[in-house]
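Okay, structure first, notes after.
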Amino acid sequence: MADPEQLPVRMLHDRVLVLPDDAAERKSSAGILIPATAAVGKRLSWAAVVAVGPHVRQVATGDKVLFDPEDKAEVELHGKGYTLLRERDLHAVAAPGDSGGGTGLYL
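So the mapping is simple: the numbering used here equals the position in the sequence shown, first residue as 1, plus 253.
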């Protein structure tokens with residue numbers, strides 16, 4: 254995850270800058286490996302919060318959040334692809350201590 258001090262931007266208002274999880278493969282809760290090429294219907298995505306604006310109230314830097322990948326604006330900073338969202342476009346925040354290792358985070 255990027256250090257917010259190193260990012261060349263300052264977030265405004267209720268904006269949240271996230272680094273999407275680009276998991277190539279996932280595992281189901283039963284341990285079945287699902288390849289990245291598997292067709293999936295409308296699916297929400299997880300991302301790590303790297304910067305927040307001064308009016309963001311519910312999330313903080315370092316949180317893992319759930320968002321709709323169709324409602325996003327992409328930006329590239331220092332060669333990395335980030336997603337810019339409004340706080341109201343976030344659907345959930347992962348529970349503290351839930352790393353999602355192995356089976357992924359699913360709602």
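The beta-carbon is built from N, C-alpha and C at its ideal position, and this holds for glycine as well.
Around ARG341, the same chain offers ASP267 as residues with beta carbons nearer than 8 Å, after the five sequence neighbours per side are excluded. Its Cα nearest to that of VAL269, the residue HIS344 stands out among ALA283, HIS344, ARG296. DSSP places ARG268 within a strand segment (E or B) once states are collapsed to three. Under the DSSP assignment, VAL305 falls in the beta strand (DSSP E) whose first and last residues are 298–305. Per DSSP, the beta-bridge partners of THR336 are VAL271, GLU327. LEU265 counts as exposed, since fewer than 16 other C-beta atoms from the protein chains shown sit within 10 angstroms of its C-beta.
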